[in-house]
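Have a look at the structure below, then the notes.
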Amino acid sequence: MEFETAYAQFMEDHKKARRGERFRRLTEGHGHAEKMLLENVWWPAFRSFENLHPEYEVSDFKDGARFLDYAFLLDYMLLNVEIDGYKSHAKDIDRNKFSDNLMRQNHLILDGWRILRFSYDDIVERPRMCQQILQQFMGRWTDGRRFNLLSTLKAEERDILRMALRRRRIIRPKDVCQLLVVESQKARKLLRNLCNKNLLIPHGTGSARIFSYKLADFVTADDLGL
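Its first residue numbered 1, the sequence shown is counted upward by one per residue in the UniProt record's numbering.
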């Protein structure tokens with residue numbers, strides 16, 4: 001799945017679940033910078049928006065509400081990801097607002113949140129560095145538990161990914177047929193399922209029918225028990 005398709009579905013799903021101020025904030029507060037973080041950083045790093053929530057509402061320490069740029073939610077971990085523009089923080093902020101922002105962040109931490117902040121410049125000019133920060137965070141604070149679909153794979157799907165990782169080249173339906181001793185139709189179905197889960201990526205362009213696939217960059221040997 002390409003980014004624009006996944007992003008459109010991601011936003012549509014969250015819009016359908018929002019009402020009132022939460023819907024207004026999503027449609028008006030989620031802009032270019034927020035999309036750039038997904039396109040340049042999050043999607044290349046993980047190829048999934050699972051458990052990620054844009055413009056996420058939390059209780060404010062002043063008994064109101066505030067919205068986080070992004071919240072990544074697991075049952076054992078809360079992560080707030082923020083995008084900071086230089087102008088809005090260095091020029092258009094007064095002393096009271098500056099102090100208020102720091103205190104809000106302190107209260108988030110006291111409530112159990114972990115926080116990662118990225119500048120807009122880094123998202124645009126140094127996206128790989130930002131990707132690595134997020135990947136290192138996930139590797140450390142999720143205690144090795146992947147939030148993507150790897151843990152739910154069937155044995156056949158995992159075997160296909162292992163083959164792709166070992167070969168370090170594109171794989172075709174005939175390779176799956178030989179590996180699993182299955183018919184071509186079953187092999188194509190398994191490959192399509194892995195492609196839909198963003199674990200395999202179609203290789204090549206210009207044809208309505210996909211003949212070969214390559215492994216997504218974020219899948220590692222550790223994930224597959226190698």
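Glycine residues also receive a C-beta, built at the ideal position from the N, C-alpha and C atoms.
field: I170, DSSP secondary structure in three states
entry: Counted from its first residue, the sequence shown places residue 170 at position 170. In this structure, I170 counts as coil in the three-state DSSP scheme.
*asked:* So, with DSSP's three-state summary, where would you put L73?
replied: Taking the first residue of the sequence shown as position 1, residue 73 is located at position 73. Looking at L73 - three-state DSSP - the assignment turns out to be strand.
- prompt: So, using beta-carbon positions, are L199 and L165 closer together than 8 Å?
  reply: The residue given as residue 199 occupies position 199 in the sequence shown. The residue given as residue 165 occupies position 165 in the sequence shown. No; because the gap between Cβ atoms is not below 8 Å, this pair is not in contact.
Item to check | DSSP beta-bridge partners of R66 | outcome: For the purposes of this step, residue 66 is identified with residue 66 of the sequence shown, where counting begins at 1. Per DSSP, V58.
Taking the C-alpha atoms as reference points, what is the distance between L74 and I170? As a working note, residue 74 is residue 74 in the sequence shown. As a working note, residue 170 is residue 170 in the sequence shown. Whole-angstrom Cα-Cα distance: 33 Å.
Inset, instruction - Please determine, among P202, N80, F211, R22, the residue with the shortest C-alpha to C-alpha distance to K174. - result: By one-based count along the sequence shown, residue 174 stands at place 174. Checking every option, the nearest Cα to that of K174 belongs to F211.
*Take A33 and list the residues in its own chain whose beta-carbon comes closer than 7 Å to its own, dropping the five residues that flank it on each side.*
In the sequence shown, residue 33 corresponds to position 33, counting from 1. The answer, listed in chain order, is I83, G85, Y120.
Check: Over what stretch of residues does the alpha helix (DSSP H) that includes R192 continue unbroken?
Finding: Along the sequence shown, read from residue 1 onward, the residue named residue 192 stands at position 192. Residues 184-196.
ask   = If you draw a straight line from the alpha carbon of Y76 to that of W141, how long is it in whole angstroms?
value = Position 76 of the sequence shown holds residue 76. Position 141 of the sequence shown holds residue 141. C-alpha separation (whole angstroms): 10 Å.
Touching or not, the segment 37-44 and the segment 13-21, by the rule of three or more beta carbon pairs under 8 Å?
no
Status (buried if at least 16 other CB within 10 Å, exposed otherwise) for L79
In the sequence shown, counting from the first residue as 1, residue 79 sits at position 79. The residue is buried, with at least 16 neighbouring Cβ atoms inside 10 Å.
- Item | Local conformation of L179 per DSSP, three classes | Within the sequence shown, the letter at position 179 stands for residue 179. Three-state DSSP puts L179 in a helix.
On the DSSP bridge assignment, give the partners of H53 in chain order. The sequence position of residue 53 within the sequence shown is 53, counting from 1. For H53, which the question treats as bridged, DSSP gives the partners A71.
Notebook entry, point to check: Span of the alpha helix (DSSP H) holding K15?
Noted result: Residue numbering aside, residue 15 sits at position 15 when the sequence shown is read from its first letter. 3-16 is the span of the alpha helix (DSSP H), which, as asked, contains K15.
Check: What number of angstroms, rounded off, separates the C-alpha of Y7 from the C-alpha of E39?
Finding: What you label residue 7 is simply residue 7 of the sequence shown in a count that begins at 1. What you label residue 39 is simply residue 39 of the sequence shown in a count that begins at 1. Computed Cα separation, rounded: 8 Å.
Compute the Euclidean distance between the alpha carbons of M163 and D217, then round it to the nearest angstrom. Position 163 of the sequence shown, counting from 1, holds the residue named residue 163. Position 217 of the sequence shown, counting from 1, holds the residue named residue 217. Each residue's Cα considered, the two are about 15 Å apart.
Quick one: what does DSSP say R19 is sitting in, helix, strand or coil? Within the sequence shown, the letter at position 19 stands for residue 19. Three-state result, R19: coil.
DSSP beta-bridge partners of F118: Indexing the sequence shown from 1 puts residue 118 at position 118. DSSP output for F118 lists I83 as bridge partner(s).
Confirm the yes/no value for this check: CB of L52, any heavy atom of the ligand SAH, distance under 7 Å. In the structure shown, the ligand SAH is absent, as is every other ligand, since no ligand is present at all.
* To do: Starting from I109, follow the alpha helix (DSSP H) in both directions and report where the run begins and ends.
  => Mapped onto the sequence shown, residue 109 falls at position 109. Element bounds for I109: 95-110.
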